Every structure is written in structure tokens, then in C-alpha cells.
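Which chain is which? The protein sequence lines are A, B and C, in order. Here this note's numbering is used: the first sequence runs in plain steps of one and ends on residue 256. Here this note's numbering is used: the second sequence runs in plain steps of one and ends on residue 195. Here this note's numbering is used: the third sequence runs in plain steps of one and ends on residue 195. Quick reminder that beta carbons are idealized off the backbone N, C-alpha and C, glycines included. Since the structure is predicted, the reported quantities are computational estimates derived from the model, not experimental observations.
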Amino acid sequence: MRTADLELDLDVFTGPFDLLLAVVLREEVSLLEVELGAVVVAYVGHLEEEGDLDLEAATEFLVLVAALLELKSRLMLPAEEEAGLDLGPEEAADELLARMLEYRRYRDAGAELGRRLAAEAPYLHRAAPLPPELRRVSIEAAVRAYDPDRLGVALGDLLSAPPVPDTSHIRPTVSLERRLGVVRALLRRASRIDFDEQFGSEDRLTQAVTIFALLELHKKGEATWSQHENFGPIEVRGEMVEGRGRRVEAGAGGRG
Amino acid sequence: MSDGSAAELARIVEALLFLAPDPVPVGELIEACEVSEVQLRNALDLLAEELAPGRRGIVLREVAGGWALATDPAAEAAARRLLARPKTPPLTAAQAETLAIVAYLQPVSRPEIARIRGVSSESAVQTLGERGLIEEAGRSRFGAVIYRTSALFERLFGLRGLEDLPDVSKFDPTPEDAADLRERLLEAGEQRAAP
Amino acid sequence: MSDGSAAELARIVEALLFLAPDPVPVGELIEACEVSEVQLRNALDLLAEELAPGRRGIVLREVAGGWALATDPAAEAAARRLLARPKTPPLTAAQAETLAIVAYLQPVSRPEIARIRGVSSESAVQTLGERGLIEEAGRSRFGAVIYRTSALFERLFGLRGLEDLPDVSKFDPTPEDAADLRERLLEAGEQRAAP
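Right, here's the structure in full:
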């Protein structure tokens with residue numbers, strides 16, 4: 001199933017996900033009223049039914065939800081004073097739409113490239129070594145072709161530490177796969193981790209994708225997590241690791 | 001080349017292209033054969049005629065800024081049986097998108113690719129690099145590696161050069177698409193107003 | 001091959017011999033083309049006629065163990081001019097960086113090159129090796145191949161020896177820094193690699 005077709009039944013909106021996106025962009029529905037958490041829950045429910053995680057589709061979903069989250073957080077926050085960040089909801093929506101269209105252009109160009117590659121595949125080129133008499137390059141015949149300063153300049157560039165980049169214009173990009181890896185690595189070292197302790201200093205998008213990774217781990221039975229009160233600490237426990245440990249012990253006991 | 005009839009020159013050009021591991025630019029052929037550009041172009045014309053599709057097992061192609069020999073597609077199945085050459089794996093969607101961005105916007109850095117795709121594109125960039133389709137072209141002023149497509153890219157995609165890429169505006173949404181979206185929006189608005 | 005006129009088969013055999021790096025035995029051609037021995041022999045006869053000496057730039061030859069295509073001896077001088085000379089296309093940024101590291105730090109291992117550049121440098125190292133600019137100089141105690149520049153490198157850069165390399169301090173952003181060049185390069189590389 002395409003992410004776009006995900007059926008939603010929210011308080012303020014009923015219909016497929018891509019339509020929600022469209023009406024939000026047109027401000028037919030106020031994004032402030034849309035519970036994005038419910039959208040994520042619906043998606044996770046769908047994953048539950050599907051069984052397997054399609055990473056491409058999941059990534060697409062994350063991109064879209066992240067864009068909505070960004071838009072919503074801009075709406076919720078008081079207007080920023082800084083130049084460049086004072087986008088109104090309308091400009092933000094335009095920008096989002098422009099980004100989606102730009103993406104679509106390269107997605108379609110990529111598909112065309114894929115077809116071209118397939119059409120060219122039957123033309124095979126020769127890949128044979130040169131006959132021995134042509135293989136030897138005569139050093140004596142070699143003349144100066146390069147400027148040694150080129151090497152000095154390259155080394156100078158490598159010696160300069162890069163300036164701290166201004167990232168204010170770049171949106172953070174986070175991959176679910178990588179967040180899964182991070183959480184799994186932490187759970188291998190400790191059976192319990194505290195979410196705030198581990199991820200509290202990350203940016204919001206990273207935190208959101210990490211939560212999504214936790215949902216995925218929960219679905220697979222690799223971890224469970226709990227939060228006893230609103231805004232309270234979130235404790236994550238690795239289940240699979242302990243479970244495996246027990247099975248191994250039981251097996252060893254049986255043989256012994 | 002002393003006597004240098006066009007036929008003799010065409011034979012020599014054919015031999016050079018047979019030996020050369022990569023497509024050979026016209027300039028290099030002229031130097032190697034020690035002839036004028038007009039003489040060489042005539043020889044290439046003659047060779048193109050002799051190797052016209054369907055005439056021999058080998059065809060003449062202009063790719064990646066030079067001339068190359070390749071086998072006729074009719075021989076593909078037998079060639080794969082003989083050489084056990086695996087078919088080039090098709091591009092995944094992520095690789096195709098990334099390659100399109102590099103091809104049209106080059107030189108382009110990974111953060112820019114990620115911005116357009118909306119997702120980190122590390123593994124697609126790495127795979128395209130390993131397949132030799134893209135290569136590093138220096139660094140941006142923030143120290144990020146920037147990328148461009150390679151000569152192998154042009155060869156595998158049958159392009160004489162980057163100017164052979166289809167016009168990117170061809171892939172912009174059609175007015176019909178836009179109208180369609182607008183209609184769906186209006187409909188959604190009405191549905192919401194109804195109850 | 002189902003229809004398989006002799007001419008069609010001759011074209012396919014030509015394509016197969018074009019691709020094969022070594023002479024191909026008749027048995028392998030029969031299997032690849034899925035034809036009888038008689039059919040294949042007929043196709044070879046036809047091909048031998050088309051590629052008879054003096055007709056094209058390529059000739060058909062029966063050599064130890066099978067059939068092969070080879071270039072017409074008339075092309076030898078031009079082939080030498082085209083192919084038996086050092087390749088000196090402009091260095092890419094990746095190649096220039098890698099070559100500079102090898103030139104100034106030699107001997108240096110590939111992991112060190114990658115750490116300084118902040119990206120894997122396999123393809124640059126490989127290309128520089130193929131062009132004969134760098135060569136292997138043994139292995140580090142951890143088993144990594146280490147590299148140095150070659151005699152050809154000195155010729156192509158017009159250097160009488162490594163002591164002729166330009167003084168680094170001329171290009172150094174902080175020439176007053178007293179620390180060892182290698183250490184400083186590694187440090188800057190790690191800063192670049194940090195997210």
C-alpha cells in the first residue's frame with residue numbers, strides 16, 4: 001500500500017492521508033486541530049496488519065509526517081523574530097508544496113533513467129586487457145603534465161578545519177533505519193534505558209523518529225516501553241535480549 | 001598514416017576502438033592516426049556505415065564524449081551464456097532519484113540531495129559510487145563532498161554527453177495533474193462543509 | 001538461436017569473440033549459441049571470409065585453444081600512439097587530495113588516507129594506481145597496504161625528486177603550528193568527518 005492511501009478516521013478529518021495533506025495545505029482543516037499522534041497510531045496499526053516493514057514506504061511516511069510536524073510546530077510557536085524564520089503558515093505551506101513538487105520531478109526523472117539503463121543493457125562493451133606490447137608505458141617518454149602546486153593546494157585544503165557550518169537553513173534529516181540501529185545498540189549494552197537521558201539533547205525530529213523506531217521495536221517484540229505519567233520519564237526495556245538469554249540458558253541446562 | 005585512403009583509415013580506427021578500454025574522443029583519434037579532422041570524420045562515417053545496426057556483430061556508438069564499439073543487442077543472450085556476465089542490476093527507486101538529482105544538478109552535495117529527497121541518502125550515494133555511476137568532484141565550502149556523474153554513467157545510459165539528458169522540465173507535473181489536485185481539494189472542502 | 005541463418009550466426013559469433021578476453025574453443029561457442037557443430041563451422045567460415053586480412057581493422061584468428069579476434073597489424077603504430085602513453089587526464093579533486101597525501105606523507109596506508117579525507121578513498125587510490133602515479137610499498141604492521149609515489153609521478157609533475165615538492169607552509173592556513181604534519185592532517189580529517 002502507498003502511504004498516500006492510508007485511511008484515517010480522525011476527529012477533524014476522515015479520508016486518505018494524501019487528502020489530509022492536501023486539505024491542510026489549503027487550510028481547509030487547521031493543522032492545529034489535527035492530532036498527528038493519531039495519524040502515527042493509524043500508520044502503526046496498518047504496519048501491524050501488514051506484518052513486514054517496507055522501509056521505503058515507512059521513510060516516505062516519516063518525511064510527510066515530519067513536514068506536517070514542522071508546519072504545526074511553526075503554527076504553535078510564537079512568531080520568530082529572526083529573519084528567515086518568520087514564515088507565515090501560508091508561506092510555509094507554499095514551501096512544503098514546492099518541495100514536494102521538486103521531489104516529484106526528480107523521482108520521475110529517476111524512473112526515466114532507470115528505463116534508459118534497461119534499454120542500454122543489451123549493448124555490451126569489451127573489457128579485455130591490452131596486448132602486452134601496448135601495456136608498457138615508457139617513463140622516458142613521459143613529460144610534465146601536472147603542476148606540483150596542485151598537490152600543495154590540495155594539502156592546504158585538507159589542513160584547514162572546515163568552518164562551523166550554518167545549518168539554520170537545512171532541515172534535519174533522520175533515517176528510521178539508523179535510529180533503529182542506535183536504539184538496538186543501546187539495548188545491547190543495557191537492558192533498560194531512559195529516553196530523556198539518551199535522546200533528550202537530540203533535535204525534535206530525531207526524537208520523533210526515535211519514538212517511531214521504538215514503536216517498530218515494540219511491534220517486533222524487541223523492546224517495550226512505558227511512561228507512567230504525562231511528560232514523565234519514558235523507560236525502554238529490551239525484551240528480546242533477555243528472552244534470548246533465557247532460552248540459551250534453558251538450552252544449556254537441558255544438555256547439562 | 002602515409003597513404004591514408006578513407007577505407008584504410010576506417011580500418012585503423014576500427015582497430016583502435018577495438019583495443020581501447022574506454023570511448024575515444026575524436027581529438028585522440030586524430031592524434032593517434034596523424035590525420036586531419038576532416039579525414040577522420042570521413043573515416044568515422046565510413047565505419048558507421050559498415051557497422052550499421054544489423055550488418056555485423058559489432059556496432060559503432062558515440063557515447064561519453066567519444067566513440068566506442070559495442071556488441072549488437074541480438075548477441076546479448078549468447079554473450080551472457082558464454083561469459084556468465086550478470087545483468088546490470090536495475091536501479092532501486094532511491095538510487096534512481098539520487099542519480100537523477102546528481103545528473104541534473106551536478107555538482108551537488110549530499111546535504112542538497114537529502115534536502116530534495118527529504119531523507120538521508122547516504123546509502124544510495126554510496127552504492128552509486130561503488131557502481132561507478134557518480135564520483136566525487138571536490139568539496140563545498142562547508143567541507144561536504146560534492147558529486148557529479150561519471151563517464152561510465154554516460155556510457156551505460158547511452159548518452160553522448162550530459163546535454164543528451166532529457167529536458168528536466170519534461171517531468172514537471174502537467175496542468176491536468178495540477179487541475180486534478182485542485183478539484184480534489186475543492187471536493188474535500190465541500191464534503192467537510194456538508195454535515 | 002532458433003531462426004539462425006548462417007549470416008545471423010556469424011554476427012553473433014563475431015560479437016562473442018569481440019567480448020571474450022581469451023580465445024574461445026569451438027565447443028563453448030556451440031553451447032553459447034545453442035547450434036550444431038556444422039552450423040557453427042559454417043558461421044566461422046563466413047566470418048573468416050568477412051574478416052579476411054586487409055578487409056577490416058579486425059581479423060579472425062585460430063590460435064591455441066580456440067578462435068579470437070585481433071587487430072590488423074597495420075594499426076600498430078597508431079595503437080601505440082593512442083594507448084602506450086601515460087594517461088594524464090585532469091586530476092579530480094578526490095584524486096588530487098589522495099595523491100597529495102601520498103606524496104607528502106609517504107609511506108602511508110589507505111585507512112590513514114580515508115581518515116584524513118573523511119571519506120573512503122578506494123576508487124581514487126585505485127585510479128592513481130592504474131595510472132602508475134602511486135604504487136604499493138608493502139604492508140603496515142596491521143596488514144593494510146601502504147603506498148608511495150612512483151618514478152612516473154615525478155616525471156609527470158616535473159620533479160627531480162620528492163625534495164622538489166612545493167613547500168607545504170606556502171599553502172598551510174596556519175603555518176605557525178608546530179605540530180607534525182601527519183597529526184594535523186588526521187586531526188582536521190576527524191573534524192570534517194564529525195557530523
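Give the residues of chain F in contact with residue i, contact being defined as C-beta atoms less than 9 angstroms apart.
{"i": "ILE101 of chain B", "result": "The structure shown contains no chain F; the protein chains it does contain are A, B and C."}
Does DSSP put residue i in a helix, in a strand, or in coil?
{"i": "ASP22 of chain C", "result": "coil"}
{"i": "GLN227 of chain A", "result": "strand"}
{"i": "ARG148 of chain C", "result": "strand"}
{"i": "ASP172 of chain C", "result": "coil"}
{"i": "GLU82 of chain A", "result": "Below a pLDDT of 50, predicted positions are generally treated as unreliable, and GLU82 of chain A, at 44, falls in that range; no measurement from the model is reported."}
{"i": "GLU222 of chain A", "result": "coil"}
{"i": "LEU158 of chain A", "result": "helix"}
{"i": "ASP177 of chain B", "result": "helix"}
{"i": "ASP274 of chain A", "result": "In the structure as shown, chain A starts at 1 and stops at 256, and residue 274 of chain A therefore has no counterpart that could be examined."}
{"i": "LEU124 of chain A", "result": "coil"}
{"i": "GLY200 of chain A", "result": "coil"}
{"i": "VAL174 of chain A", "result": "coil"}
{"i": "ARG150 of chain A", "result": "helix"}
{"i": "GLU133 of chain A", "result": "helix"}
{"i": "ILE139 of chain A", "result": "coil"}
{"i": "ARG99 of chain A", "result": "helix"}
{"i": "LEU6 of chain A", "result": "coil"}
{"i": "VAL65 of chain A", "result": "helix"}
{"i": "ARG144 of chain A", "result": "coil"}
{"i": "GLU8 of chain B", "result": "helix"}
Residue i touches chain C at which residues, Cβ-Cβ below 9 angstroms?
{"i": "VAL197 of chain B", "result": "Residue 197 of chain B is absent from the model: chain B starts at 1 and stops at 195."}
Nearest CA to the CA of residue i: which residue from the options?
{"i": "ARG192 of chain A", "options": "A:GLU235, A:LEU176 and A:ARG105", "result": "A:GLU235"}
{"i": "SER30 of chain A", "options": "A:TYR43, A:GLU49 and A:LEU68", "result": "A:LEU68"}
{"i": "ARG276 of chain A", "options": "C:VAL145, C:TYR147 and C:LEU156", "result": "The structure shown does not extend to residue 276 of chain A, since chain A is modelled only from 1 through 256, so no value can be given for it."}
{"i": "SER121 of chain B", "options": "B:VAL38, B:ARG131, B:ALA151 and B:ARG110", "result": "B:ARG110"}
{"i": "LEU117 of chain A", "options": "B:GLY132, B:THR98, B:PRO90 and B:LEU128", "result": "B:PRO90"}
{"i": "ALA103 of chain B", "options": "B:ALA144, B:ALA151 and B:ASN42", "result": "B:ALA151"}
{"i": "PRO73 of chain C", "options": "A:ASP194, A:GLU48, A:LYS219 and A:GLU133", "result": "A:GLU133"}
{"i": "ILE12 of chain C", "options": "B:LEU165, B:PRO173, B:ILE58 and B:SER140", "result": "B:ILE58"}
{"i": "GLY138 of chain B", "options": "C:THR92, C:LEU186, C:LEU17 and C:PRO21", "result": "C:THR92"}
{"i": "ALA128 of chain A", "options": "B:GLU28, B:LEU16 and B:PRO21", "result": "B:PRO21"}
{"i": "ARG184 of chain A", "options": "A:GLY200, A:SER160, A:ILE211 and A:ARG204", "result": "A:ILE211"}
{"i": "LEU155 of chain A", "options": "C:LEU162, C:ARG117, C:SER123 and C:GLY161", "result": "C:ARG117"}
{"i": "GLU136 of chain B", "options": "C:LEU46, C:GLU76 and C:ALA94", "result": "C:ALA94"}
{"i": "ARG178 of chain A", "options": "A:THR14, A:GLU33, A:ALA58 and A:PRO16", "result": "A:ALA58"}
{"i": "GLY221 of chain A", "options": "A:ASP196, A:PHE17, A:LEU187 and A:GLU70", "result": "A:LEU187"}
So which residues of chain B does residue i contact, with C-beta pairs closer than 8 angstroms?
{"i": "ALA199 of chain C", "result": "Nothing about residue 199 of chain C can be reported from this structure: the residues present for chain C run from 1 to 195 only."}
{"i": "ARG136 of chain A", "result": "Result: empty, since nearest Cβ-Cβ is about 15 angstroms, beyond 8 angstroms."}
{"i": "GLU197 of chain A", "result": "What GLU197 of chain A touches in chain B: nothing, since even the nearest Cβ is about 25 angstroms away."}
{"i": "ARG192 of chain C", "result": "GLY143"}
What does residue i touch in chain B if you count any residue whose Cβ is under 7 angstroms from its own?
{"i": "GLU120 of chain A", "result": "LEU156, PHE157 and GLY158"}
{"i": "LEU16 of chain C", "result": "ALA75, ALA78, ALA79 and LEU82"}
{"i": "THR88 of chain C", "result": "What THR88 of chain C touches in chain B: nothing, since even the nearest Cβ is about 12 angstroms away."}
{"i": "LEU101 of chain A", "result": "PRO173"}
What residues from chain C crowd round residue i, counting only those whose CB sits closer than 7 angstroms?
{"i": "LEU333 of chain A", "result": "In this structure chain A extends from 1 to 256, so residue 333 of chain A is not present and cannot be described."}
{"i": "ILE139 of chain A", "result": "ALA151, LEU152 and ARG155"}
Check the Cβ of residue i against every Cβ in chain C and list those closer than 8 angstroms, keeping chain order.
{"i": "GLY277 of chain B", "result": "The requested residue 277 of chain B does not occur in the structure, where chain B is confined to residues 1 to 195."}
{"i": "GLU28 of chain B", "result": "LEU82"}
Using the beta-carbon of each residue, which ones in chain B are nearer than 9 angstroms to residue i?
{"i": "ALA94 of chain C", "result": "GLU135, GLU136, ALA137, GLY138 and VAL145"}
{"i": "VAL63 of chain A", "result": "ARG117, GLY118 and VAL119"}
What residues of chain A sit near residue i, judged by a beta carbon separation below 7 angstroms?
{"i": "GLU97 of chain B", "result": "TYR106, ARG107 and GLY110"}
Could you name the residues of chain A that residue i contacts, counting a contact when the two beta carbons are closer than 8 angstroms?
{"i": "LEU91 of chain B", "result": "GLY110, LEU113, GLY114 and LEU117"}
Show which residues of chain A have a CB atom less than 9 angstroms away from the CB atom of residue i.
{"i": "THR71 of chain B", "result": "PRO122, TYR123, LEU124, HIS125 and ARG126"}
Residues within the stretch 140 to 164 of chain C neighbouring chain A, beta-carbon criterion of under 8 angstroms: ALA151, LEU152, ARG155, LEU156, PHE157, GLY158, LEU159 and ASP164
Output the residue ranges of the beta strand (DSSP E) runs that lie fully inside the stretch 52 to 100 of chain B and measure 3 residues or longer, sorted by chain position. 58 to 63 and 66 to 71
For the stretch 107 to 165 of chain B, list the alpha helix (DSSP H) runs that are entirely contained and at least 4 residues long, ordered along the chain. Counting whole runs of 4 or more residues, the stretch 107 to 165 of chain B contains the alpha helix (DSSP H) stretches 110 to 117, 122 to 130 and 151 to 156.
Using a beta-carbon distance cut-off of less than 8 angstroms, what residues from the stretch 172 to 194 of chain A approach chain B? THR173, VAL174, SER175 and ARG178
Chain B contacts made by the stretch 205 to 231 of chain A, where a contact means CB separation under 9 angstroms: none
Which residues, in chain order, does the stretch 33 to 49 of chain C contribute to contact with chain A at a C-beta distance below 8 angstroms? Residues of the stretch 33 to 49 of chain C with a Cβ closer than 8 angstroms to any Cβ of chain A: none.
Pull out every residue of the stretch 146 to 161 of chain A whose Cβ sits closer than 8 angstroms to any Cβ of chain C, in chain order. TYR146, ASP147, PRO148, ASP149, ARG150, LEU151, GLY152, VAL153, ALA154, LEU155, GLY156, ASP157, LEU158, LEU159, SER160 and ALA161
Name the residues in the stretch 175 to 187 of chain C whose C-beta lies less than 9 angstroms from a C-beta of chain A; which are they? ASP177, LEU181, ARG184, LEU185 and GLU187
Give the residues from the stretch 104 to 117 of chain C that approach chain B closer than 9 angstroms (Cβ to any Cβ), ordered along the chain. ARG117
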